[in-house]
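Numbering (my numbering), first residue to last: 1103 to 1369.
Virtual Cβ for every residue (Gly too), placed ideally from N, Cα, C.
Just so we're clear, the structure is a prediction, and the values are computed from it rather than from any experiment.
Quick notes on the structure that follows.
Right under this line is the structure:
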């Protein structure tokens, strides 16, 4: 007996657009169709074309099988790997500086070691430990960020102060988080797909990086970002100062041009 093919559901396009937090105008522009055409697709009055499906895939990293049939992950880039269904128990290590609690730092060079030994108390004790005012009570980690996917919110080399999310499902949509997986340690904005808490949607603040999905069970640890340690504001200040200097120079040049025009009229 042949299995009946799944029918295209227009609501998945609306769902996808809302998930990416795009207006119809912005979404239509991204996949290279008009806003009117998108409205027709979302309302079910028009079928989605192959060209539009291709643009969804290339421009937004969307899995076309999910769009048409509702099967597979929403976004490309997912490889299914077998993991134990039983969640591992988190090991918290009480690290102190003298008589006061400290926060272990997972530097960029320590990412691989942390992924391998994040539950080993002896390993955690080998990490450098710091005291951060306002973060004395709780389960915290410091992570050094690599890569540019969260610019302008977080820059490479900045250190984020994170609180452990013991209950992943309690994390609100759009929360800045650090996720520890077997593949690496990344900072992203975390969203849940509809009411399915088993699937995380990971978004970058840098529009050059594509959104992708991740099964919650593949996350070894999830940390909510509560603050950051940065020196980028110094560089930003220099940039702002240079912009102001350029604007002042441009304004002065404009004033000179106006004076010349005024003098020519008088003559």
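Sort the options by Cα distance to residue i and report the nearest one.
{"i": "residue 1211", "options": "1172, 1259 and 1254", "result": "1259"}
{"i": "residue 1203", "options": "1217, 1219 and 1232", "result": "1232"}
{"i": "residue 1235", "options": "1143, 1280, 1330 and 1149", "result": "1330"}
{"i": "residue 1272", "options": "1318, 1230 and 1248", "result": "1318"}
{"i": "residue 1159", "options": "1145, 1359 and 1118", "result": "1118"}
{"i": "residue 1156", "options": "1146, 1306, 1148 and 1167", "result": "1167"}
{"i": "residue 1238", "options": "1334, 1328, 1146 and 1121", "result": "1328"}
{"i": "residue 1248", "options": "1221, 1213 and 1326", "result": "1213"}
{"i": "residue 1149", "options": "1131, 1170 and 1129", "result": "1170"}
{"i": "residue 1292", "options": "1313, 1285 and 1284", "result": "1313"}
{"i": "residue 1261", "options": "1205, 1227 and 1123", "result": "1205"}
{"i": "residue 1334", "options": "1250, 1270, 1257 and 1285", "result": "1257"}
{"i": "residue 1135", "options": "1144, 1154 and 1121", "result": "1154"}
{"i": "residue 1308", "options": "1274, 1275, 1227 and 1254", "result": "1254"}
{"i": "residue 1250", "options": "1347, 1139, 1115 and 1311", "result": "1311"}
Can you tell me whether residue i is buried or exposed, with buried defined as 16 or more other CB within 10 angstroms of its CB?
{"i": "residue 1289", "result": "buried"}
{"i": "residue 1175", "result": "buried"}
{"i": "residue 1354", "result": "exposed"}
{"i": "residue 1208", "result": "buried"}
{"i": "residue 1349", "result": "exposed"}
{"i": "residue 1224", "result": "exposed"}
{"i": "residue 1274", "result": "exposed"}
Is residue i near residue j, with beta carbons less than 8 Å apart?
{"i": "residue 1133", "j": "residue 1152", "result": "no"}
{"i": "residue 1287", "j": "residue 1245", "result": "yes"}
{"i": "residue 1127", "j": "residue 1137", "result": "yes"}
{"i": "residue 1172", "j": "residue 1111", "result": "yes"}
{"i": "residue 1324", "j": "residue 1281", "result": "yes"}
{"i": "residue 1177", "j": "residue 1315", "result": "yes"}
Rounded to whole angstroms, what is the Cα-Cα separation between residue i and residue j?
{"i": "residue 1352", "j": "residue 1363", "result": "17 Å"}
{"i": "residue 1165", "j": "residue 1300", "result": "18 Å"}
{"i": "residue 1266", "j": "residue 1322", "result": "11 Å"}
{"i": "residue 1252", "j": "residue 1306", "result": "5 Å"}
{"i": "residue 1113", "j": "residue 1240", "result": "42 Å"}
{"i": "residue 1360", "j": "residue 1123", "result": "46 Å"}
{"i": "residue 1283", "j": "residue 1269", "result": "16 Å"}
{"i": "residue 1109", "j": "residue 1221", "result": "45 Å"}
{"i": "residue 1285", "j": "residue 1216", "result": "12 Å"}
{"i": "residue 1131", "j": "residue 1147", "result": "20 Å"}
Give the C-beta separation of residue i and residue j to the nearest angstrom, bearing in mind that I take them to be a contact with Cβ-Cβ under 8 Å.
{"i": "residue 1294", "j": "residue 1264", "result": "The pair is not a contact, with the Cβ atoms about 19 Å apart (cut-off 8 Å)."}
{"i": "residue 1277", "j": "residue 1326", "result": "6 Å"}
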